[in-house]
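Undergrad: Going by the working numbering, the sequence shown opens with residue 157, and the numbers climb by one from there. Virtual Cβ for every residue (Gly too), placed ideally from N, Cα, C.
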Amino acid sequence: MSDNLQRLHHLLLNRAFNPTPPQRVYLPKASGLQRPLGLLRLEDQIVLQAIANVFAKKVDPKRQKIQYDTVYSNILTNVDSPFFFRDWRITFTHFRNRVEEYYRAGYQWIADFDLAAFYDTISHDLLLQTVYPKTRPNAEIDYVLKLLQKWSSPNALQRHGLPQGPIASDFLAEVFLLPVDNALRLGHTYVRYVDDMRLFGRTEPEVRQAVLELEVACRERGLIPQAAKTSVRRAKSITDAVGMLPSLSAGSGERRQLTPGVAEKHLQVAIDNKPVRIIDKTRARFVFFRAQASPKLLQWAIKLLPRHPEHFDAIMAYLSQYGYRRSIETLCLSLLQQSPYEAPRGEAFHTLARFLKQRKLGGIVRRSVLDLAMSAARDRNIGFSEKWGALHFLCVAEQEGLGRYSQFCRYQNELLQACIGPVLPDAAFAPDGVVTYFLRRSAPEPSLSVTSKLLEYSIDPSSLVTSDQIPPQAANVFRELGLTSMPRTRTDAVAEIIFRRYGVDKTVRWRRFLGAEYTHALGLLAQADAVFDTGRSEWLQWQNSFNQTLFLAFQRHLSSLGLPGVIRTIDRLGHMVDYGVTLDPRNSFSRNYTNIAIAFREMNNRRNRLPTSHPYEKRTRFRTEYLTPLERNRFVHLLRRAYAEIASRI
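(1) Let me confirm a value: Q568 is counted as buried when at least 16 other C-beta atoms fall within 10 Å, else exposed. Which label applies?
(2) Indicate the three-state DSSP secondary structure (helix, strand or coil) for V722 in the structure shown.
(3) If you scan the segment 490-527 from start to end, which runs of the beta strand (DSSP E) of 3 or more residues do you find wholly inside it?
(4) My guess is that A470 and A447 are in contact by the Cβ rule of under 8 Å, so how many angstroms apart are they, rounded?
(5) With DSSP collapsed to three states, give me the class of N751.
(6) When the Cα atoms are used, what is the spatial distance from A677 to L794?
(7) At what residues does the alpha helix (DSSP H) containing T738 begin and finish?
(8) So, L512 versus A449, is the Cβ gap smaller than 8 Å?
(9) Round the Cβ separation of C565 and Q555 to the nearest angstrom and send it over; I've been treating them as touching at under 8 Å.
(10) Quick check on E410: buried or exposed, where buried means 16 or more other Cβ atoms within 10 Å of its Cβ?
(11) From the DSSP output, which residues share a beta bridge with S279?
(12) Using 8 Å as the threshold, is the C-beta distance between Y263 and T345 below it?
(13) With DSSP run on the structure shown, which of helix, strand or coil describes N761?
(14) For T359, I'd like the list of residues in its chain whose CB is within less than 7 Å of its CB, leaving aside the five on either flank, ordered along the chain.
(15) According to DSSP, simplified to helix, strand and coil, what is E410?
(16) Pairs of beta-carbons, one from the segment 693-710 and one from the segment 780-788, closer than 8 Å: are there three or more?
(17) Just to confirm before moving on: does the CB-CB distance between Q455 and G479 stay below 8 Å?
(18) On the premise that Y799 lies in contact with N811, defined as a C-beta separation below 8 Å, what is that separation, rounded to the nearest angstrom?
(19) Taking one C-beta from the segment 769-778 and one from the segment 673-689 each time, how about it: are there three or more such pairs within less than 8 Å?
(20) Comparing alpha-carbon positions, which option in D661, F444, E498, P361 lies nearest Q190?
(21) Might you give, ordered along the chain, the residues of its own chain that have their beta carbon closer than 6 Å to the beta carbon of N294, omitting 5 neighbours on each side?
(22) Using the Cβ count rule (16 or more neighbours within 10 Å means buried), how would you classify G718?
(23) Do the segment 354-373 and the segment 385-399 make contact, defined as three or more Cβ pairs closer than 8 Å?
(24) For N326 and Q205, I'd like the C-alpha separation in whole angstroms.
(25) How about M642 and S623: are their beta carbons less than 8 Å apart?
(26) Return the first residue and the last residue of the beta strand (DSSP E) that N429 is part of.
(27) Is the segment 591-605 close to the segment 624-632, with three or more CB pairs under 8 Å?
(28) Check whether the segment 535-543 touches the segment 164-184, counting contact only when three or more Cβ pairs, one atom from each stretch, lie closer than 8 Å.
(29) Which residue from F791, T286, T386, F211 puts its Cα closest to that of L271?
(30) By DSSP's criteria, I266 is part of a beta bridge. Which residues make up the other side?
(31) So, does the CB of F327 fall closer than 8 Å to a CB anywhere in chain B?
(32) With DSSP collapsed to three states, give me the class of V792.
(33) So what does DSSP say about P293, is it helix, strand or coil?
(34) Are three or more beta carbon pairs between the segment 244-252 and the segment 362-369 nearer than 8 Å?
(35) Would you call the CB atoms of L670 and I626 closer than 8 Å?
(36) Indicate the three-state DSSP secondary structure (helix, strand or coil) for R463 in the structure shown.
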């Protein structure tokens, strides 16, 4: 909605938007390893998509030259379409048809080339350079890099990697491969779909030479070829040339249901019975996603899931059409106790929650699963998928009258709370219920996740918590839906930054406190925050300037209320008194507001001993030094106390 977009625009404009690291979800792969997906918060998704939109306009002329010629993945729509990409079924069908076309033309030698950890190895600097090759580093570029760094990993700032999952990341990955595509399309028969690269030739040496050139082009961009999945072969037929590429009906969006007889025939071709294992993953997934219920398919599904956890989503989707079955219950219990992967364990909890709601679980099983769910909810090391399933089971257990288990949802991750919000039990919406914890989170997702139930029960969220505790984005939604009559509040970027960096309550009205100096102060604070990680000494200079504007505003505040601590800031000639002089430890201000005075004075003194301020110390004549990480962290601690004291008095 417009209010929330305007708020986000204001924060971005003033560099006050706080990107949040992704929540990682790990899915099992056939290799035994896991594929990481990155879940971003709502506003992070919007900003990432906005970056992709800007990049799309910039690189579209270059992409037009290779689309449907070399590249067939993530093709952009026209500018008037509400969708970012064209239907993948159409573009994938073009890819498959081109493979067949090359084979018929005599290009029977094929190289399959694959990249290892493709999304994780994408360099942010090279990505920006691809889009803006002639642009020198500037504040806007630095800010985009800062955002990408924060989204690259949940635990660290790094200059490579994109969160896998958002379609914006899919497009940025396409942009990153532009130089590789342009290099290989000249002189070689080359096609690509995402990171599935194929080279065609009439002879083996021709293809092997192309593979070497592709390897060099990829390594120059920091990409790592995956040797185990790179091969050169001679296709014996069109079917062999196509390989595992599925046959799709372009433009057909209907999910056709396979009758049991047809589904069983398809699956029988896709599996080997000695032992039971999947040999054609495309056909097997097709069956499990589209087949109707069948006793034989059910037996196969239960046998295959433990051996092929990488297909848990397809098999669990098939099992979801069944009501309670003892065999499915046994499978889920086995997954919870034996599977090393979090995602199948999470799906097992979801399935058992469905059976619990149907009141089909026996007492012993119910107690056993409750113990496992509570253990998962308490354990901070448990993955997102499993914890989501465990909390789902606990919420259903409370709804069935087995105990107050929704309390386990109180302090979970914001995105986890957002996922569990729709299944919270009725008791959670009481004045002392867990929903009050959702509404008080600074992130809007938990509050938004319970909106439908607040509407259903006609509950004004401001009757559960105070209006200033509800995140402004959620408050705007509640107001538009008629759930509450809370007044609109202007976005306070200063409050957002001080809350994020120093932990001071962001309901403090810094805008009113700073008055006419608000915009100037915000500019100083935003500049300081932008270089907090990359330029400690520069941070100190900007932060010190912001402190002075805050000090002068506090002086005006004290004077207007007739409170102690007012000192002279203007001399007899109308000039400003030197900032260092106003922080003299012996004056009235320093005696009355110790925490503020110490923090501001020590930072100002250290700022005067930076090489960018003075090359030598005035008294000792020693060379001045740049700010160290330890010093910066100490100043953050001092400012946390100083800003909290100012906030408590305004």
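TA: Let's see:
(1) buried
(2) coil
(3) none
(4) Their Cβ separation, rounded to whole angstroms, is 10 Å, which puts A470 and A447 out of contact at 8 Å.
(5) helix
(6) 19 Å
(7) 735-738
(8) no
(9) That belief does not hold up - the Cβ atoms of C565 and Q555 are roughly 13 Å apart, past 8 Å.
(10) At E410, the pLDDT of 47 sits below 50, so the modelled position is not reliable; the number obtained from the coordinates is stated separately. It counts as exposed.
(11) H316
(12) yes
(13) helix
(14) W265
(15) Confidence is the limiting factor: at E410 the pLDDT is only 47, short of 50, which leaves the residue's position unreliable and the question unanswerable from this model.
(16) yes
(17) no
(18) Nothing can be reported for residue 811: it is not among the residues displayed for the chain, which extend from 157 to 806.
(19) no
(20) E498
(21) none
(22) exposed
(23) yes
(24) A small correction: the amino acid at residue 326 is Asp; Asn does not occupy that position in the sequence shown. Going from the Cα of D326 to the Cα of Q205 covers about 10 Å.
(25) yes
(26) 427-429
(27) yes
(28) yes
(29) T386
(30) F356, R389
(31) Among the protein chains of the structure shown there is no chain B, as only one such chain exists.
(32) helix
(33) coil
(34) no
(35) no
(36) helix
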